[in-house]
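Residue numbers (the working numbering), protein chains in the order written: chain A, 149 to 458; chain B, 4 to 250. Even glycine gets a Cβ: it sits at the ideal position worked out from N, Cα and C. Report on the following structure.
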Amino acid sequence: MCIQDKEVLPANGKPIQPLGVGFPYFAGLPADLYRSGLAAFVEITPETLCRQRTTGSAVEIEIRPDHLATAQQTCAGLPVVVHGVELSIGSAHGLNNAYLNMLDSFQKEWPFLWHSEHLGFQTIAGDNDSTLEIGVPLPMPATVEAVELVAERSAAILERYDVPFLLENPAHYFSELPTDPEIGNEYRFLSAFTQKSGCYLLLDLHNLYCNAVNHHFDARDVINTLPLDRVIEIHVAGGSWRDGFWMDAHDGRVPEPVWELLEYVLPIAPNVAGVVFELLEEHATRLGVSAIENELRRAWQIWNLSHGAN
Amino acid sequence: MGLIDYQTVLGRMLREQNRDDYLRGVSLAAGESRYLENLRDTAEFRFYASVQRSWCVGRAMKAAHLTLSLLPQEERERLLDEWIDSGSGAQSFFFVEAEAFLDFIGGHLSDRPCEYTVCQFERATMRASNGANVFVAPDAASLRRPDTCLSRGGYAAVVRFAAAIDQLSNLPGPLADLFSAGLIVMFSPGRAQLWHEPAPEEVDLWEALESPASVRTLLDHGHSLETIERLLDHGAIEYSTVSLSTQ
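Structure below.
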C-alpha cells in the first residue's frame, strides 16, 4: 500500500506522518489480518483491554496485562492510535477521570500517535456525588457554555498527553438541538471547538451520513463548512435501518454514499493521517475476514487516488 | 438553559422512562421545560428511548443467559423491565453489570431453590472468571503467625446443588442431574479450571469462615494447616483486613 511521504500539520510541535488505512483491534479476529499489510495502523479502544474496579465510591479502570500483551503481540509493531469511549467529555457534572488515569498508564505501556474521543455526554450526576450512566451517548447542545466546557477540557487533555487529541462528530437522532446564535449549529460547534482548544477533529463520515439521512441535508454542504485542515483521522462505517431511522450501528459494509463522501473529502482535507473502517466486534466476526479485507482495499484505493499513488 | 440542567433532564428522561418527575431539582424557565416535555413526545426521542432500552436489555441478558433461560418468558420480561426501570443496565463494563444483575435476579428467586442455585452458579462462574485475571497466589508465610486473619476469597464461592426431587421437573436434564447428585462446587480464581468438587474438610473450612477468623481459631477448631494453605493458594480464602480485636 502507498504511503504519502509528506508530513501533515505539526501537532504540539511534532509532525504527524500520514499512515494510510487502519483498522480497530479486535481480540476475536485472526492476528493475520493485522499482518496482511491492509492495515497500516491499528486503532485501539483501551477500555476493551480493561476491567472496572469499584471501591466504595471510587471507580478505577485497570488495564488487564494479559489482554494488553495479546493485543501488542497481535498488532506486531504497527503504529497505534487510541479511540476511547468512556471519557464522556461533555458531561457538565464532570468527565470520567478514571478513564484518563487509565490512559496515563496505557500511554506508558503502549505509546500512541494520537487519541480521540466522542463529542457528547453519556453520564449525569446522581445523588450523593454519584455518576449515573445514561446507557446511550447523547449529543451536546450547540451552546457557548458547551463549547467552552469541551474546549477547556480538551486543551488540558492535549497538554496532558502531548499528542494530538481529536473529537469525533457524533451521529444523533434529534432533528434540533438547543443552539446559541453565537455558535450557530452543531457543525459550527466543531470549528469553535478547534479554535478555542487547539485540538483536532476525527471526521466520522458515517455519523455525518446518518445525520444527513435522518435530518434531510446534504452532507457535502456540511463538509464545506468544517475546518478541514484540523481533521487528522476519518472514520467510515456501516449502519442499518431501525424504526425509520438510519442507525449508526457499525454492523456491516460501508454504504456507497459514505465511500463517495470519502472520495470527496480526502483531496480537500490536507492533514488527514489515517482512515479507519469501523465495526463492532460482534459484527466483525459475523462479517468475516474476507469481507473486512475488501472494505480495507476499497479504502486504500480511495486513499491512494487522493494521494497520487497508483 | 444551563448545560447541567439540560443534560440532567435529558438523561433522566432516558434512564427513567416510566417516571414523570424528571424535572425535579432543576431550575428551568417555562419555555425550557416545555421544550424538554415536547421533546419527549417526538419520534426521535422515542427512538432514543427504544435504543437505550434494547441496549440495556442486551447487556443484562448477556450477563445471565443461563438463569434467564430457566424462567418463563413472562417472568423473564418482568424482571428485565423491573431492572431497567430502576435505572440499571447502562454500565458498559460487563462484569460490573453482570454481577449486579445476577444479584438482582437472585433476590427474586428466594422461593425457587433450583433457579436460585443456578443463579448463584452463574454468578460464581462470572466472579471467579473475573478474579482469575488478577489473582496472584499470596505468600503463605503469614500463616505461621497465629493472629493472621483469614476470610472467604473475594472471587470465590461454594454452590450446593440441593433440592427436593419434585422441584427438578422444570429443569433441563443436565442441570437436574447436578441436583440429583447433590453436587457441591467450589469456585476459586487461582484454579486453572476455576472450580472443583471440594473435599469435606475444604467445605468445613469454608463454612468456618462465614465470618473472618484467625489462624489460631481455625487450628483450635481442628482445621488443618495443609487445607488452609491449599485454599489460600487457590484464592478460595484470603488474608483478611478485618480486625478481630473485638472477637
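By the criterion of Cβ-Cβ separation under 7 Å, what are the contact partners of residue i in chain A?
{"i": "threonine 11 of chain B", "result": "Ile272, Ala273"}
{"i": "phenylalanine 98 of chain B", "result": "Arg199"}
{"i": "aspartate 4 of chain B", "result": "Looking at the sequence provided, one finds methionine at residue 4 of chain B rather than aspartate. Neighbours of methionine 4 of chain B on chain A, chain order: Pro326."}
Suppose the cutoff is 8 Å on Cβ atoms and the five residues either side in sequence are ignored; what does the same chain contact list for residue i look like?
{"i": "serine 227 of chain B", "result": "Glu204"}
{"i": "isoleucine 187 of chain B", "result": "Val161, Val162, Arg163, Phe164, Glu200, Pro201, Val206"}
Figure out for me which residue from the options has the closest Cα to the Cα of residue i.
{"i": "alanine 103 of chain B", "options": "B:Leu112, B:Trp86, B:Val162", "result": "B:Trp86"}
{"i": "leucine 115 of chain A", "options": "A:Gln270, A:Leu181, A:Phe254", "result": "With chain A covering 149 to 458 only, the question about residue 115 of chain A has no answer from this structure."}
{"i": "valine 384 of chain A", "options": "A:Pro405, A:Asp369, A:Pro415", "result": "A:Pro405"}
{"i": "threonine 433 of chain A", "options": "A:Leu410, A:Asp399, A:Ala188, A:Leu453", "result": "A:Asp399"}
{"i": "leucine 409 of chain A", "options": "A:Gly387, A:Arg445, A:Ile211, A:Asp369", "result": "A:Asp369"}
{"i": "serine 239 of chain A", "options": "A:Trp258, A:Gly204, A:Leu297", "result": "A:Leu297"}
{"i": "threonine 291 of chain A", "options": "A:Leu280, A:Gly332, A:Glu210, A:Ser253", "result": "A:Gly332"}
{"i": "histidine 231 of chain A", "options": "A:Val295, A:Glu316, A:Glu324, A:Glu430", "result": "A:Glu316"}
{"i": "glutamate 241 of chain B", "options": "B:Asp106, B:Pro192, B:Gln55, B:Leu6", "result": "B:Pro192"}
{"i": "proline 178 of chain A", "options": "A:Met288, A:Ala219, A:Arg212", "result": "A:Ala219"}
{"i": "glycine 157 of chain B", "options": "B:Leu42, B:Ala239, B:Thr70, B:Asp106", "result": "B:Ala239"}
{"i": "phenylalanine 190 of chain B", "options": "B:Asp180, B:Ser172, B:Trp209, B:Leu181", "result": "B:Trp209"}
{"i": "leucine 356 of chain A", "options": "A:Ala439, A:Arg212, A:Leu374", "result": "A:Leu374"}
{"i": "threonine 17 of chain B", "options": "A:Arg201, A:Ile237, A:Ala417, A:Pro285", "result": "For clarity, residue 17 of chain B is leucine in the given sequence; the question names threonine instead. For leucine 17 of chain B, the nearest C-alpha among the options comes from A:Pro285."}
{"i": "phenylalanine 189 of chain A", "options": "A:Gly386, A:Trp262, A:Leu216", "result": "A:Trp262"}
{"i": "leucine 414 of chain A", "options": "A:Ala447, A:Gly346, A:Ala175", "result": "A:Ala447"}
{"i": "serine 89 of chain B", "options": "B:Phe107, B:Pro75, B:Phe97", "result": "B:Phe107"}
Excluding the 5 residues flanking residue i on each side, which residues of the same chain have their C-beta closer than 6 Å to its C-beta?
{"i": "glutamine 152 of chain A", "result": "At glutamine 152 of chain A, the pLDDT of 43 sits below 50, so the modelled position is not reliable; the number obtained from the coordinates is stated separately. Excluding sequence neighbours, glutamine 152 of chain A sits near Pro166, His455."}
{"i": "valine 137 of chain B", "result": "none"}
{"i": "methionine 2 of chain B", "result": "Chain B is shown only over 4 to 250; residue 2 of chain B falls outside these bounds and no answer can be derived."}
{"i": "isoleucine 305 of chain A", "result": "Phe313"}
{"i": "threonine 342 of chain A", "result": "Pro375, Arg378"}
{"i": "alanine 397 of chain A", "result": "Gly387, Ser388"}
Starting from residue i, find everything on chain A with Cβ-Cβ shorter than 9 Å and list it in chain order.
{"i": "arginine 27 of chain B", "result": "Under the 9 Å cutoff, chain A gives no residues; its nearest Cβ is about 11 Å from arginine 27 of chain B."}
{"i": "asparagine 21 of chain B", "result": "Here the premise fails: no neighbours, minimum Cβ distance about 15 Å."}
Counting contacts by CB-CB distance shorter than 8 Å, is residue i in contact with chain B?
{"i": "alanine 340 of chain A", "result": "no"}
{"i": "histidine 354 of chain A", "result": "no"}
{"i": "proline 326 of chain A", "result": "yes"}
{"i": "proline 329 of chain A", "result": "no"}
{"i": "histidine 231 of chain A", "result": "no"}
{"i": "proline 172 of chain A", "result": "no"}
{"i": "alanine 303 of chain A", "result": "no"}
{"i": "phenylalanine 393 of chain A", "result": "yes"}
{"i": "proline 405 of chain A", "result": "no"}
{"i": "phenylalanine 269 of chain A", "result": "yes"}
{"i": "leucine 280 of chain A", "result": "yes"}
{"i": "alanine 294 of chain A", "result": "yes"}
{"i": "leucine 409 of chain A", "result": "no"}
{"i": "glutamate 443 of chain A", "result": "no"}
{"i": "leucine 297 of chain A", "result": "yes"}
{"i": "leucine 350 of chain A", "result": "no"}
{"i": "alanine 289 of chain A", "result": "It is worth fixing the name first, because residue 289 of chain A is proline in this sequence and not alanine. Proline 289 of chain A counts as touching chain B."}
How is the alpha helix (DSSP H) around residue i delimited, first residue to last?
{"i": "proline 192 of chain B", "result": "It is not in any alpha helix (DSSP H) - proline 192 of chain B carries neither H nor E in the DSSP assignment."}
{"i": "valine 292 of chain A", "result": "292–309"}
{"i": "isoleucine 370 of chain A", "result": "In the sequence on display, residue 370 of chain A carries valine and not isoleucine. Segment 367–371, the alpha helix (DSSP H) holding valine 370 of chain A."}
{"i": "histidine 363 of chain A", "result": "353–363"}
{"i": "cysteine 122 of chain B", "result": "116–135"}
{"i": "glutamate 234 of chain A", "result": "Counting along the chain, glutamate 234 of chain A falls outside any alpha helix (DSSP H), and DSSP gives it neither H nor E."}
{"i": "glycine 283 of chain A", "result": "Counting along the chain, glycine 283 of chain A falls outside any alpha helix (DSSP H), though it belongs to the beta strand (DSSP E) covering 279–286."}
{"i": "proline 405 of chain A", "result": "404–413"}
So, at 7 Å on beta carbons, what are the nonlocal neighbours of residue i in its own chain, with the 5 sequence-adjacent residues on each side left out?
{"i": "leucine 31 of chain B", "result": "Met4, Asp8"}
{"i": "cysteine 59 of chain B", "result": "Ile87, Gly92, Ala93"}
{"i": "aspartate 366 of chain A", "result": "Ala360"}
{"i": "tyrosine 321 of chain A", "result": "Asn362, Phe393"}
Spell out whether any CB of chain A is found under 8 Å from the CB atom of residue i.
{"i": "tyrosine 158 of chain B", "result": "no"}
{"i": "leucine 146 of chain B", "result": "no"}
{"i": "isoleucine 7 of chain B", "result": "yes"}
{"i": "methionine 189 of chain B", "result": "no"}
{"i": "asparagine 41 of chain B", "result": "no"}
{"i": "asparagine 136 of chain B", "result": "yes"}
{"i": "glycine 14 of chain B", "result": "yes"}
Residue i lies in the beta strand (DSSP E); which residues open and close that run?
{"i": "valine 190 of chain A", "result": "189–192"}
{"i": "glutamine 94 of chain B", "result": "Premise fails: glutamine 94 of chain B is in no beta strand (DSSP E) and is neither H nor E."}
If the cut is a Cβ gap below 7 Å, which residues of chain B does residue i touch?
{"i": "glycine 283 of chain A", "result": "Leu17, Arg18, Gln55, Trp58, Cys59, Gly92, Ala93"}
{"i": "leucine 321 of chain A", "result": "Strictly speaking, residue 321 of chain A in this sequence is tyrosine, with leucine absent from that position. Correct list: Glu47, Phe50, Tyr51."}
{"i": "aspartate 214 of chain A", "result": "Asn136"}
{"i": "serine 345 of chain A", "result": "Those do not exist, as serine 345 of chain A stays about 17 Å from chain B at its closest Cβ, beyond 7 Å."}
{"i": "histidine 241 of chain A", "result": "Ile7"}
Using the beta-carbon of each residue, which ones in chain B are nearer than 8 Å to residue i?
{"i": "proline 318 of chain A", "result": "Simply none; closest approach about 13 Å."}
{"i": "threonine 202 of chain A", "result": "Val99"}
Under 8 Å between C-beta atoms, does residue i make it to chain E?
{"i": "leucine 428 of chain A", "result": "As a matter of chain content, chain E is missing from the structure shown, whose protein chains are A and B."}
Using a cut-off of 8 Å between C-beta atoms, extract the partners of residue i located in chain A.
{"i": "asparagine 133 of chain B", "result": "Arg199"}
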